[in-house]
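Engineer: Residue numbers (full-length UniProt numbering): 1 to 143.
Note that beta-carbon positions come from the ideal geometry of N, C-alpha and C, so glycine has one too.
This is the structure I want to talk about, given as structure tokens.
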């Protein structure tokens, strides 16, 4: 019987990432930053940065959460690498503090360079343009 390489990761890493990605610890504040303004936007961004720091602790100096190769946790949390940077560009706020989460920042770059990930994500320039338009609509609707 072959063993699924995606499920060989330490339970601590799997649990931490599952908790943070599935139950909104990362999802909620990152996306809130996209549609909030002023002090509320800054508060959401601060919460996102704090939670990203916690997520970074799961890397423990490795290239990926499971070690040297892409695993389940990397896939589950991989959306952050793509969307957080895009949200930063659109709403002009810092979510990824490269100095304070340098390991996670390196992970963002590594995970987006994995062939299968590169093949599955939409071109960032087109998605950025689409989401800038969507953000304008959101902001117009909220005023």
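#1: Which residues in the same chain have their Cβ closer than 6 Å to the Cβ of residue 114, if we skip the five residues on either side of it in sequence?
#2: Whole angstroms are fine: how far does the CA of residue 142 sit from the CA of residue 119?
#3: My output table needs one value for residue 137: the three-state DSSP class, helix, strand or coil.
#4: Excluding sequence positions up to five away, which residues of its chain have a Cβ less than 8 Å from the Cβ of residue 90?
#5: Once the 5 residues before and after residue 98 are set aside, which same chain residues still bring their CB inside 7 Å of it?
#6: Would you say the beta carbon of residue 59 is closer than 7 Å to some non-hydrogen atom of the ligand HEM?
#7: Going by DSSP in three states, residue 64 sits in which element: helix, strand or coil?
#8: According to DSSP, is residue 95 helix, strand or coil?
#9: Pull up the CB-CB distance for residue 62 and residue 56, whole angstroms please, since I reckon it's below 8 Å.
#10: Beta-carbon separation of residue 30 and residue 84 under 8 Å?
#11: For residue 111, which of helix, strand or coil comes out of DSSP?
#12: Taking the CB atoms as reference points, tell me whether residue 78 and residue 111 lie closer together than 8 Å.
Structural biologist: Concretely, from the data shown:
#1: As a working mapping, residue 114 is identified with position 114 in the chain shown. Same-chain partners within the cutoff: 70.
#2: The sequence position of residue 119 within the chain shown is 119, counting from 1. The sequence position of residue 142 within the chain shown is 142, counting from 1. Rounded to whole angstroms, residue 119 to residue 142 spans 36 Å at the Cα level.
#3: Counting from one through the chain shown, the residue named residue 137 turns up at place 137. Three-state DSSP puts residue 137 in a helix.
#4: Residue mapping note: residue 90 aligns to position 90 of the chain shown, counting from 1. The beta carbon of residue 90 is closer than 8 Å to those of 34, 128, 131, 132 and 135 in its chain, skipping five residues each way along the sequence.
#5: The residue you call residue 98 lines up with position 98 of the chain shown. Contacts found: 105.
#6: Inclusion of the ligand HEM in the displayed structure is not the case, the ligand content being empty and no account of it being possible.
#7: The residue labelled residue 64 in the question sits at position 64 within the chain shown. Three-state DSSP puts residue 64 in a strand.
#8: Looking up residue 95 in the chain shown gives position 95. Residue 95 falls in the coil class under three-state DSSP.
#9: Numbered from 1 along the chain shown, position 62 holds the residue referred to as residue 62. Numbered from 1 along the chain shown, position 56 holds the residue referred to as residue 56. 11 Å between Cβ atoms; not a contact.
#10: One-based indexing of the chain shown puts residue 30 at position 30. One-based indexing of the chain shown puts residue 84 at position 84. Against a cut-off of 8 Å, the Cβ pair of residue 84 and residue 30 comes out as a contact.
#11: In the chain shown, residue 111 corresponds to position 111, counting from 1. Under the three-state reduction of DSSP output, residue 111 falls in the helix class.
#12: Start at 1 with the first residue of the chain shown, and residue 78 comes out as number 78. Start at 1 with the first residue of the chain shown, and residue 111 comes out as number 111. A Cβ-Cβ contact shorter than 8 Å links residue 78 with residue 111.
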